[in-house]
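Chains as they are written, first to last, in my numbering: chain A, 7 to 325; chain B, 7 to 325.
No residue lacks a Cβ here, since even glycine has one placed at the ideal position from N, Cα and C.
Next up, the structure:
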């Protein structure tokens with residue numbers, strides 16, 4: 007297949023590009039580098055099957071040649087208000103990537119009669135009142151909250167994807183991506199994994215916000231990409247959760263990082279000043295992915311963290 | 007003030023235009039007639055203070071001369087899947103009016119440093135789990151449901167309006183409009199008020215879907231317009247519910263219509279085949295409107311219905 011990926015210079019987009027190339031597909035990457043990184047593309051552009059278009063998806067998209075699939079992954083994705091790459095500091099960019107960007111990519115898929123896959127998120131469940139989150143759960147999102155530029159844009163995109171599927175017969179798919187970690191995460195986007203690993207590698211105490219008992223379910227990026235690829239080649243049109251159902255408290259998570267990095271500095275408890283409505287728990291029900299795609303995560307937390315720590319070491323000049 | 011209203015040929019837009027003209031403002035109406043009606047403009051275009059631009063708000067908007075206020079009311083608004091004017095049959099138009107249309111009107115307000123008012127809806131509360139609905143309630147909406155092209159577009163618009171308010175200092179307002187009725191409702195858009203009144207005026211039995219015990223809170227259009235006008239001239243930036251808190255069952259409502267029209271034909275109970283997730287109850291908490299705007303509805307259900315019936319009689323050639 008010849009496949010367009012928007013957000014190809016991002017953490018997930020670049021890994022997905024790797025996988026698609028490895029499967030023998032031709033990949034057209036697109037990014038505007040608002041949060042994506044040129045560095046994530048350096049190995050990709052050496053591949054003859056990879057080409058790149060620098061473009062903002064909120065502007066009308068033209069691609070020469072035919073496309074067989076369109077994957078819309080472009081969007082700021084970090085909730086951290088202190089990072090310049092956090093969506094709270096890129097509100098209009100985030101809202102446009104998840105509305106104009108969605109229309110533009112869907113129109114492109116329609117034009118080529120291509121299959122379409124939208125990168126949705128566990129954030130559409132908001133601060134969930136049900137655990138674990140199953141795909142039929144409607145979510146609990148504040149439409150005017152401080153995270154709403156992201157949550158509502160992703161919900162709007164899902165509604166739009168389903169409208170194209172239902173009224174235009176566009177061959178759509180929706181993946182709801184839960185917390186993912188691995189090499190090529192931005193060091194500077196303020197998310198918990200890069201923050202903790204960097205502190206640990208600097209032998210600093212690890213910052214724990216609040217009591218650290220809030221849980222996350224961290225999926226290693228290779229597992230995630232496997233699930234997305236299976237969804238892409240499937241014919242499933244309803245949303246599918248892809249994430250690791252193993253719930254870990256931030257405290258346990260920080261403990262494992264300390265151990266793997268031999269960091270003796272311990273924890274530094276901070277007041278919980280994260281962005282409003284930061285959910286206390288988030289955990290995917292992956293029954294649908296298991297039964298429809300035969301997918302489940304394979305890589306354990308320690309193994310995934312070791313690989314991620316190795317990447318961060320190298321990025322920080324410590325390797 | 008010189009005020010742009012999108013959706014000026016619609017039920018609410020045309021009444022609001024009347025009111026603004028009566029207050030001495032200059033009104034620029036805009037509509038693409040997808041669901042608006044030319045007939046609603048016939049009396050307006052006779053007014054020298056009124057001008058009209060035929061335009062689709064999902065395309066970039068240019069207006070000559072300065073604007074002091076921008077009111078974004080354009081959108082299909084009937085949930086009826088059987089009507090060609092229902093949003094289930096206009097999914098992309100609805101999604102675009104509530105995304106591209108919102109960006110375009112906000113950009114226009116920003117350009118002129120004008121105040122902005124967005125017509126949101128009680129539908130952002132979805133099928134609510136709390137009664138009555140207060141503005142701080144986050145709502146209960148299925149992002150991929152059969153009504154999501156409308157509900158999610160309105161929620162997305164609210165998120166966008168708040169993003170412009172917070173990050174661009176745009177002088178925004180959000181009104182959440184509950185069920186409204188009155189003259190100039192479309193006879194053919196399949197909503198309950200025109201349906202029941204037309205049946206009554208034809209001396210037919212009134213169709214009741216399900217047991218008729220689902221409630222609605224019907225606000226007469228003149229009351230609604232008063233509330234919107236007060237919000238427009240206020241400096242309130244948080245969403246404000248405007249609607250009538252008097253909850254009435256559909257059965258009671260139909261009974262009043264039968265009596266006022268002297269229709270002896272009774273009721274015709276039908277299976278509840280309305281669009282998925284049609285809420286069982288919807289009722290505004292108007293504490294915020296009362297305290298911030300000194301507003302509450304004044305026109306009783308009988309008086310409002312008598313005026314509405316008179317309008318329908320005339321439209322049906324029965325007056």
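For residue i, does the count of other Cβ atoms within 10 angstroms reach 16, so buried, or fall short, so exposed?
i, result
"residue 66 (chain A)", "exposed"
"residue 84 (chain A)", "buried"
"residue 228 (chain B)", "buried"
"residue 203 (chain B)", "buried"
"residue 49 (chain B)", "exposed"
"residue 178 (chain A)", "buried"
"residue 36 (chain B)", "buried"
"residue 269 (chain B)", "buried"
"residue 307 (chain B)", "buried"
"residue 96 (chain B)", "buried"
"residue 71 (chain A)", "exposed"
"residue 315 (chain B)", "buried"
"residue 277 (chain B)", "exposed"
"residue 22 (chain A)", "buried"
"residue 325 (chain B)", "exposed"
"residue 129 (chain B)", "buried"
"residue 192 (chain A)", "buried"
"residue 164 (chain A)", "buried"
For residue i, decide whether its Cβ has a neighbour in chain A, counting only Cβ atoms nearer than 8 angstroms.
i, result
"residue 149 (chain B)", "yes"
"residue 41 (chain B)", "no"
"residue 79 (chain B)", "no"
"residue 161 (chain B)", "yes"
"residue 255 (chain B)", "no"
"residue 70 (chain B)", "no"
"residue 83 (chain B)", "no"
"residue 154 (chain B)", "yes"
Ends of the alpha helix (DSSP H) at residue i?
i, result
"residue 140 (chain A)", "That residue, residue 140 (chain A), is in no alpha helix (DSSP H); it is neither H nor E in DSSP."
"residue 18 (chain B)", "17 to 28"
"residue 195 (chain B)", "Run containing residue 195 (chain B): none; DSSP gives neither H nor E here."
"residue 111 (chain A)", "106 to 118"
"residue 231 (chain A)", "227 to 239"
"residue 2 (chain A)", "As displayed, chain A neither begins before 7 nor continues past 325, which places residue 2 (chain A) out of reach and without an answer."
"residue 68 (chain A)", "From DSSP, residue 68 (chain A) is part of no alpha helix (DSSP H); its letter is neither H nor E."
"residue 317 (chain A)", "307 to 321"
"residue 262 (chain B)", "256 to 266"
Counting only beta-carbon separations shorter than 8 angstroms, does residue i have a partner in chain E?
i, result
"residue 158 (chain B)", "Looking for chain E here will not work: the only protein chains present are A and B."
Starting from residue i and walking both ways along the beta strand (DSSP E), at which residues does that stretch end?
i, result
"residue 36 (chain B)", "32 to 37"
"residue 126 (chain A)", "121 to 127"
"residue 325 (chain B)", "Element bounds for residue 325 (chain B): n/a, residue is neither H nor E."
"residue 8 (chain B)", "8 to 12"
Measuring only between beta-carbons, confirm whether residue i sits less than 8 angstroms from chain B.
i, result
"residue 145 (chain A)", "yes"
"residue 130 (chain A)", "yes"
"residue 98 (chain A)", "yes"
"residue 237 (chain A)", "no"
"residue 293 (chain A)", "no"
"residue 165 (chain A)", "yes"
"residue 125 (chain A)", "no"
"residue 134 (chain A)", "no"
"residue 101 (chain A)", "yes"
"residue 173 (chain A)", "yes"
"residue 240 (chain A)", "no"
I'd like the list of long-range same chain contacts for residue i, defined as Cβ closer than 6 angstroms, with 5 residues on each side in sequence excluded.
i, result
"residue 205 (chain B)", "212"
"residue 89 (chain A)", "195 and 196"
"residue 292 (chain A)", "247 and 251"
"residue 275 (chain B)", "214"
"residue 123 (chain B)", "77, 179 and 238"
"residue 253 (chain A)", "221, 223 and 289"
"residue 47 (chain A)", "15"
"residue 249 (chain A)", "184, 223, 225 and 290"
"residue 101 (chain B)", "155 and 159"
"residue 286 (chain B)", "220"
For residue i and residue j, which I take to be in contact (beta-carbon distance under 8 angstroms), what is that distance rounded to the nearest angstrom?
i, j, result
"residue 207 (chain A)", "residue 319 (chain A)", "6 angstroms"
"residue 75 (chain A)", "residue 121 (chain A)", "5 angstroms"
"residue 289 (chain A)", "residue 137 (chain A)", "6 angstroms"
"residue 235 (chain A)", "residue 8 (chain A)", "Their Cβ separation, rounded to whole angstroms, is 16 angstroms, which puts residue 235 (chain A) and residue 8 (chain A) out of contact at 8 angstroms."
Taking 8 angstroms as the limit between beta carbons, can you name the residues of its chain near residue i, skipping five residues before and five after?
i, result
"residue 166 (chain B)", "105, 108, 109 and 112"
"residue 39 (chain A)", "15 and 60"
"residue 149 (chain B)", "158"
What residues in its chain sit with their C-beta under 7 angstroms from that of residue i, if we drop five residues either side in the sequence?
i, result
"residue 264 (chain B)", "206 and 212"
"residue 27 (chain A)", "33, 53, 55 and 56"
"residue 127 (chain B)", "160, 182 and 183"
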